[in-house]
Each structure stands twice: as structure tokens, then as C-alpha cells.
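Numbering (my numbering), first residue to last: 1 to 111.
For each residue, glycine too, the CB sits at the ideal point set by N, CA and C.
Predicted, not measured: the structure shown is a model, and the values here were computed from it.
Take a look at the structure:
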């Protein structure tokens with residue numbers, strides 16, 4: 001990655017900003033439901049960071065900490081983590097449980 005390239009860190013989604021940043025987005029949104037204590041979640045972090053950096057303007061990529069935003073996690077039936085949900089037009093169009101290759105998440109986003 002060159003220094004001139006704009007990078008985008010994953011968004012931090014919370015119970016408070018979820019509706020505005022995910023459900024109201026004009027572009028696809030990938031939400032990684034995770035927690036600090038989850039080893040597979042930590043394995044997925046570099047993939048999520050790459051997706052955020054690689055698809056600036058095409059999609060919104062972010063993470064929602066299930067312990068800090070349990071209302072949203074409960075609303076979407078997150079029983080095991082990592083779980084990635086892809087939203088388009090405010091609706092869940094894809095649910096991926098467990099760690100998958102980056103291409104799988106790109107396919108889900110349609111980018």
C-alpha cells in the first residue's frame with residue numbers, strides 16, 4: 001500500500017449509531033459481530049481491515065462489539081461469533097458464521 005492511498009479503518013458500529021450508519025446506508029454494509037475474548041474474531045480482524053481499505057466508496061465495512069452493543073446483537077440473533085451480516089437497503093442479505101476467506105466476504109458484498 002502506498003502512502004498516497006487513502007485507507008479506511010473499519011467503522012465502529014454501536015447500538016446508538018446502527019440505524020443511521022447501517023440501516024440507512026445507500027451502499028452495502030458488512031457488519032462483523034465480534035468480542036475481544038473471541039480468538040476467531042481476532043483472526044478475522046485483518047480481513048475486515050483489508051475489506052474496509054479495499055472498498056472505500058463501494059461499501060461500508062465495520063465491526064460491532066457484542067458485549068458493548070448487546071441490543072443490536074440480540075436483535076439480529078447473534079448466537080455465535082464471529083458472525084458477519086451483509087445489509088443492502090437496510091435488510092440482511094447474507095449471514096456468514098465463522099471465519100471465511102476474504103473473497104467470501106467480497107462475494108457477499110457484491111464488490
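Check: What whole-angstrom Cβ distance do residue 82 and residue 16 have, given they're in contact under 8 Å?; Outcome: In fact, because the Cβ distance is near 22 Å, the residues do not count as touching under 8 Å.
Check: Put residue 111 into one of helix, strand or coil per three-state DSSP.; Outcome: coil
Check: Give me whichever residues DSSP pairs with residue 62 in a beta bridge.; Outcome: 11 and 31
Check: When you compare each of 80, 100, 35 and 47 to residue 68 by their alpha carbons, which one comes out closest?; Outcome: 35
Check: Can you tell me the Cα-Cα spacing of residue 105 and residue 27, whole angstroms?; Outcome: 15 Å
Check: Is the distance from the Cβ of residue 56 to the Cβ of residue 30 below 7 Å?; Outcome: no
Check: Along the alpha helix (DSSP H) that carries residue 78, what are the first and last residues, could you check?; Outcome: Here residue 78 belongs to no alpha helix (DSSP H), and DSSP marks it neither H nor E.
Check: Would residue 63 be called buried (16 or more neighbouring beta carbons within 10 Å of its own) or exposed?; Outcome: buried
Check: Name, in chain order, the residues that DSSP records as bridge partners for residue 42.; Outcome: None; residue 42 has no bridge partner.
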